[in-house]
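Residue numbers (our numbering): 114 to 291. What follows is one structure encoded as structure tokens, with my remarks underneath.
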């Protein structure tokens with residue numbers, strides 16, 4: 114799956130993981146252009162039949178997660194609640210929200226520690242399940258066009274305080290996620 118350039122090179126296109134999962138469920142083989150991305154996809158679901166095709170002049174070479182080093186998962190964040198002095202009520206709210214899977218809204222004046230607390234919440238939450246990791250990778254594959262790498266760490270997005278509603282939730286033509 115890819116886009117053919119005038120030089121015969123096959124370029125990566127968005128939505129690779131969703132196409133790979135559909136091919137895997139159907140028992141089909143997917144041809145993909147980006148060798149590094151193939152390794153990340155294969156590590157998310159080892160049953161996928163994905164092969165690398167960089168251009169139309171070269172033969173197809175089978176790729177697996179093991180020969181691309183795709184199992185190198187980034188380490189989790191070292192930030193913990195022990196780093197925070199005081200704010201006992203806020204820390205307790207974080208623990209309750211993280212363990213119960215509840216939503217949490219932090220508000221207050223600039224510099225009061227909202228972002229610091231939010232970043233620490235990642236360390237309290239359970240790692241992603243394989244199914245959750247695949248779902249997140251599918252969304253990233255369609256919206257960003259490429260994946261940052263396989264990880265079971267929950268994503269954290271830090272938005273600016275002046276972000277508009279459209280930038281936060283998405284929209285536009287063609288529609289894009291926020």
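Beta carbons: idealized from backbone N, C-alpha and C, even for Gly. It should be emphasised that the depicted structure is a prediction, and the values quoted were computed from it without experimental measurement.
Legend entry - Supposed close pair residue 237, residue 211 - CB separation, criterion 8 Å: That pair is a contact at about 4 Å.
Legend entry - Inter-residue spacing [alpha-carbon to alpha-carbon] between residue 289 and residue 249: When the Cα atoms are used, residue 289 and residue 249 turn out to be separated by approximately 15 Å.
Legend entry - Extent of the continuous alpha helix (DSSP H) run through residue 233: Here the alpha helix (DSSP H) through residue 233 covers 227 to 237.
Legend entry - Where residue 116 sits in the DSSP three-state scheme: Strand at residue 116.
Legend entry - Proximal residues to residue 202 (C-beta, below 6 Å), its chain only, five neighbours per side dropped: Within the same chain, no residue comes within 6 Å of residue 202 by CB-CB distance, once the 5 residues on both sides are set aside.
Legend entry - Within 8 Å, strictly: CB atoms of residue 247 and residue 128: It is not a contact, given that the beta carbons lie outside the stated cut-off.
Inset, instruction - Classify residue 271 as helix, strand or coil using the three-state DSSP reduction. - result: Looking at residue 271 - three-state DSSP - the assignment turns out to be coil, as it is neither helix nor strand.
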